[in-house]
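Step one of this worksheet: look at the structure below.
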C-alpha cells in the first residue's frame, strides 16, 4: 500500500499551530459495502470510524509500525477524542479515499486529521482525532508520543518525524 498525495484544501490549516510537524498526506481506497448502510441507504455513521481506523493503521504499517511491534515495546496508541463532520452521504458501491495526516506538537497528545473523499472529489466527511501513546503496564500516557513512534518506525518520515 503506497501513500498518495491528496490535492485540494482537505487539511484544516486553522487547527494547526505554528511549529507543528505534519506527516505527508496518505490515503487508502475503500469501497462502501451494502451491509455497512442503514435504513436510509447511506453509510452508517459508525462505519466512518472504522474507515478512519483502517487508514490510520495503514499509515502506521507504511511507517513500519505494527501491532506486534507496539506490543513488544509495551505501548499502544489510544484515542482520546474523535470528531466527525458529515458533509455528503455515501451509498453502497461508492469508492472513497480515506486520508490520514498526523499532526505533532509538544506534550502527551497528537492530532490525526482525516478526510473521506468520494472518487469524484466530493468530501463526504472530515474526521479529527486526538490520540496519545499508552504505557500498557502503567496504564498512563507517555510524555512524548512522537519519540515513541520515531523509535519504532522503520520509515519515520511517513509519520512526519
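Numbering (our numbering), first residue to last: 581 to 741. For each residue, glycine too, the CB sits at the ideal point set by N, CA and C.
Query - Alpha-carbon spacing of residue 626 relative to residue 686, whole angstroms - result: 30 angstroms
Requested in this report: Report all residues from its chain with a CB closer than 7 angstroms to the CB of residue 711; omit the five preceding and five following residues, and keep chain order.
Outcome: 657, 658, 659, 660, 689, 690 and 692
**Report entry** Same chain only: Cβ atoms within 6 angstroms of residue 644, ignoring 5 sequence neighbours per side
**Finding:** 733, 734 and 735
**Report entry** Closest by C-alpha distance to residue 677, when choosing among 740, 721 and 699
**Finding:** 699
Report task. State the Cα-Cα distance for the pair residue 717 and residue 725, rounded to the nearest angstrom. Result -> 16 angstroms
Query raised in the report: Per DSSP, what kind of secondary structure is residue 733 in: helix, strand or coil?
Result: coil
Query - Residues bridged to residue 632 (per DSSP) - result: Bridge partners of residue 632: none, in fact.
Query raised in the report: Can you list, in chain order, the residues of its chain whose CB lies under 6 angstroms from that of residue 612, leaving out five sequence neighbours each side?
Result: 623, 670, 672 and 674
Query - Beta-carbon spacing of residue 665, residue 706 below 8 angstroms - result: yes
Query - Proximity to residue 740 [Cα-Cα], best of 704, 652, 680 and 709 - result: 680
Requested in this report: Would you list the residues sitting across from residue 679 in a DSSP beta bridge?
Outcome: 607
Report task. Output the distance between the C-alpha atoms of residue 731 and residue 621, rounded to the nearest integer angstrom. Result -> 44 angstroms
Query - Straight-line Cα distance separating residue 667 from residue 649 - result: 36 angstroms
Query raised in the report: If you compare alpha carbons, which of 721, 701, 684 and 708 is closest to residue 694?
Result: 708
Report task. Taking only the alpha-carbon atoms, compute the straight-line gap between residue 636 and residue 702 and give it to the nearest angstrom. Result -> 21 angstroms
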